[in-house]
Amino acid sequence: MGKAIEAIAHERGHQIAGVVDVGGSIADAPAADVAIEFTHPEAAVPNIMACLRKNLPVVVGTTGWLKRLPEVAQQCARTNGTVFYSSNFSLGVNLVFKLNEYLAQLMRGQTDYEVALDETHHTQKKDAPSGTALTLAEGILKHHPAKKSWVVNQENQPDQLLIRSHRIDPVPGTHVVTYQSPVDTIEIRHTAHSRQGFALGAVQVAEWLPGQQGVLTMDDFLRWEQPRGL
Numbered sequence: 226m227g228k229a230i231e232a233i234a235h236e237r238g239h240q241i242a243g244v245v246d247v248g249g250s251i252a253d254a255p256a257a258d259v260a261i262e263f264t265h266p267e268a269a270v271p272n273i274m275a276c277l278r279k280n281l282p283v284v285v286g287t288t289g290w291l292k293r294l295p296e297v298a299q300q301c302a303r304t305n306g307t308v309f310y311s312s313n314f315s316l317g318v319n320l321v322f323k324l325n326e327y328l329a330q331l332m333r334g335q336t337d338y339e340v341a342l343d344e345t346h347h348t349q350k351k352d353a354p355s356g357t358a359l360t361l362a363e364g365i366l367k368h369h370p371a372k373k374s375w376v377v378n379q380e381n382q383p384d385q386l387l388i389r390s391h392r393i394d395p396v397p398g399t400h401v402v403t404y405q406s407p408v409d410t411i412e413i414r415h416t417a418h419s420r421q422g423f424a425l426g427a428v429q430v431a432e433w434l435p436g437q438q439g440v441l442t443m444d445d446f447l448r449w450e451q452p453r454g455l
């Protein structure tokens with residue numbers, strides 16, 4: 226992702242002030258207008274905190290660290306900083322997030338349908354389930370009263386949403402929400418053909434971010450018009 230982001234930034238006329246790789250530190254990075262953080266869950270929060278200390282707006286695409294989001298939000302408020310987080314920067318995926326919530330609302334009370342979620346990524350993907358899968362799961366739990374929690378790759382209870390995680394090379398990312406009944410199956414599917422969509426979205430957010438403040442998401446960037454009732 227880092228290489229894809231760097232290439233697209235150059236294509237769009239931006240100058241890369243510095244690249245921090247394994248063993249490096251954002252604290253030592255040169256001055257910049259914005260940072261883009263795509264690393265791994267253990268490194269994400271220290272990197273975000275370093276950016277906040279440097280008064281550097283940061284776009285975060287790393288997943289698997291959201292249990293520490295309240296800590297990040299508190300530090301962001303204390304420093305009047307800017308943190309933009311998304312589990313996925315693809316426009317298509319964010320459209321699917323909205324469709325997923327709307328369908329979950331429509332399926333309230335449809336007891337003949339059992340909902341499940343499948344996500345497939347390359348074997349270098351560190352977290353399972355993916356952040357995108359968790360965003361989809363949260364959208365279902367928000368609107369589907371029959372489901373109270375989620376489980377991954379294990380037998381689920383009736384009030385648990387089953388997420389099946391698969392790691393197969395060279396898949397960039399595929400997510401499928403399935404509602405299955407004895408008579409038919411309804412699916413929402415997103416299949417990424419490359420990482421370009423994710424990288425382009427991250428760069429577009431980075432272009433927009435300077436001058437913004439607080440903890441922001443793709444809803445702030447895209448300014449969706451919410452369907453009535455959502």
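If you read the sequence shown in my numbering, its first letter stands for residue 226, the second for the next number, and so on.
Virtual Cβ for every residue (Gly too), placed ideally from N, Cα, C.
Exclusion of the five residues before and after glutamate 339 leaves Tyr404, Gln405, Ser406 as the residues of its chain whose Cβ lies within less than 8 Å of its Cβ.
If you draw a 10 Å sphere on the C-beta of glutamate 344, you find 16 or more other C-beta atoms in it, and that means buried.
The straight-line gap separating the alpha-carbon atoms of histidine 391 and glutamine 382 is approximately 21 Å. In chain order, Thr345, Thr416 place their CB closer than 6 Å to the CB of threonine 399, counting only its own chain and leaving out the 5 sequence neighbours on each side. When beta bridges are read from the DSSP output, threonine 336 appears opposite no residue. Assignment of arginine 448 by DSSP, reduced to helix, strand and coil, places it in the coil class.
Pairwise C-beta distances place the segment 254-265 in contact with the segment 280-287, as three or more of them are shorter than 8 Å.
Taking C-beta atoms under 8 Å as the contact rule, proline 266 and glycine 289 qualify, at a distance of about 3 Å. Close CB contacts of tyrosine 310 within its chain, under the 6 Å cut and outside five residues either way in sequence, are with Val285 (chain order).
Taken in chain order, the unbroken stretches of beta strand (DSSP E) that lie wholly in the segment 230-280 and span 3 residues or more are 260-262. Within the model, the alpha-carbon separation for valine 428 versus threonine 336 is close to 42 Å. Look at leucine 441 here: in three-state DSSP terms it is strand. Annotation for asparagine 325: Leu361, Gly364, Ile365, Val402, Ile413 place their beta carbon closer than 8 Å to its own, counting only its chain and skipping 5 residues before and after.
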